[in-house]
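Under the numbering used here, think of the first position of the sequence shown as 247, with each following residue one higher. Notes for the one structure printed next.
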Amino acid sequence: MDELFVMPVTTISRSEKLLKVTHETARKYIGILVEGGILRETTGRKRNRIYLAEEIMRTISD
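Right under this line is the structure:
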């Protein structure tokens, strides 16, 4: 979560490396953040998805 304040855009692969967890665990964590409205998937693709923390991005941009 803290990394989203540094870079409000992430992927499962990036999260996997930052958190030092398996791909499946990173996918699960991102899923929780999507369900909670913290992240939004922006590509509409099945693979290589990009997730955006819109509220953080909005705050940074203002």
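Ideal Cβ placement from N, Cα and C applies to all residues, glycine included.
Buried or exposed by the 16-neighbour rule on C-beta atoms within 10 Å, applied to residue i
i	result
Ser259	exposed
CA-to-CA distance, residue j to residue i, given in whole angstroms
i	j	result
His269	Ser307	31 Å
Glu281	Met247	14 Å
Residues of its chain near residue i, where Cβ-Cβ distance is below 7 Å and the 5 sequence neighbours each way are ignored
i	result
Ser261	Ala272, Tyr275, Ile276
Test item: CB-CB of residue i and residue j under 8 Å
i	j	result
Arg286	Glu300	yes
Leu265	Thr256	no
Ile296	Thr288	yes
Pro254	Ile302	yes
Fill in: alpha helix (DSSP H) runs contained entirely in the segment 256 to 294, provided each spans 4 or more residues
258 to 265, 269 to 281
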